[in-house]
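Here the structure is laid out as structure tokens; the discussion comes afterwards.
In this note's numbering, the protein residues as written are -12 to 123.
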């Protein structure tokens, strides 16, 4: 084979999308409005995907949306009518604040606790460590 054929063959094997951001695709939330409540069916899938406690995510979401919440099995119920765009915007804020590393911008983080009961977000990719903000 000549050089041009080898080069063409190599280029054909490279995927069209090689963006590193494609590696982190959290599942879209399945939500609907039922009366004066909003029900989210798959919050546990998101929690498992980002390796965070569902209670922490729901507490953040309720605080950001200024409402109360309830976890019933696999469902999260928010008091009030919230459209999918509102919820996804708040989840995006959660990801930026509690999941994505501020230094290297990768999602490979864990919540760790030190011997003084302080919580930190530690990046497993770049080893950066920062205090975890509180959700009041």
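Using N, Cα and C, we set each Cβ at its ideal position, and we do this for glycine too. Note that the structure is predicted; figures quoted are calculated from it, not measured.
In angstroms with no decimal places, state the Cα-to-Cα distance between residue i and residue j.
{"i": "residue 107", "j": "residue 34", "result": "18 Å"}
{"i": "residue 45", "j": "residue 104", "result": "22 Å"}
{"i": "residue 100", "j": "residue 115", "result": "15 Å"}
{"i": "residue 41", "j": "residue 89", "result": "22 Å"}
{"i": "residue 53", "j": "residue 43", "result": "15 Å"}
Please work out which residues of its chain come closer than 6 Å, Cβ to Cβ, to residue i, disregarding the five sequence neighbours upstream and downstream, and give them in chain order.
{"i": "residue 20", "result": "68"}
{"i": "residue 94", "result": "11, 86 and 87"}
{"i": "residue 17", "result": "28 and 29"}
{"i": "residue 75", "result": "none"}
Could you say which of the options lies nearest to residue i if we only look at CA atoms?
{"i": "residue 130", "options": "59, 55, 74 and 72", "result": "Because the chain spans -12 through 123 in this model, residue 130 falls outside it and cannot be assessed."}
{"i": "residue 24", "options": "90, 62 and 111", "result": "62"}
{"i": "residue 125", "options": "38, 57, 76 and 53", "result": "Outside the shown range of the chain, which is -12 to 123, sits residue 125, and nothing can be said about it."}
{"i": "residue 80", "options": "14, 47, 91 and 0", "result": "47"}
{"i": "residue 15", "options": "40, 89, 71 and -4", "result": "71"}
{"i": "residue 98", "options": "78, 91, 77 and 121", "result": "121"}
What is the DSSP secondary structure of residue i, reduced to helix, strand or coil?
{"i": "residue -1", "result": "helix"}
{"i": "residue 85", "result": "helix"}
{"i": "residue 114", "result": "coil"}
{"i": "residue 55", "result": "coil"}
{"i": "residue 65", "result": "strand"}
{"i": "residue 10", "result": "helix"}
{"i": "residue 26", "result": "strand"}
{"i": "residue 50", "result": "helix"}
Identify, in the order they occur along the chain, each residue of the same chain with its Cβ nearer than 7 Å to the Cβ of residue i, setting aside the five sequence neighbours on each side.
{"i": "residue 6", "result": "With a pLDDT of only 44 at residue 6, under 50, the local geometry of the prediction cannot be trusted, and no value is derived from it."}
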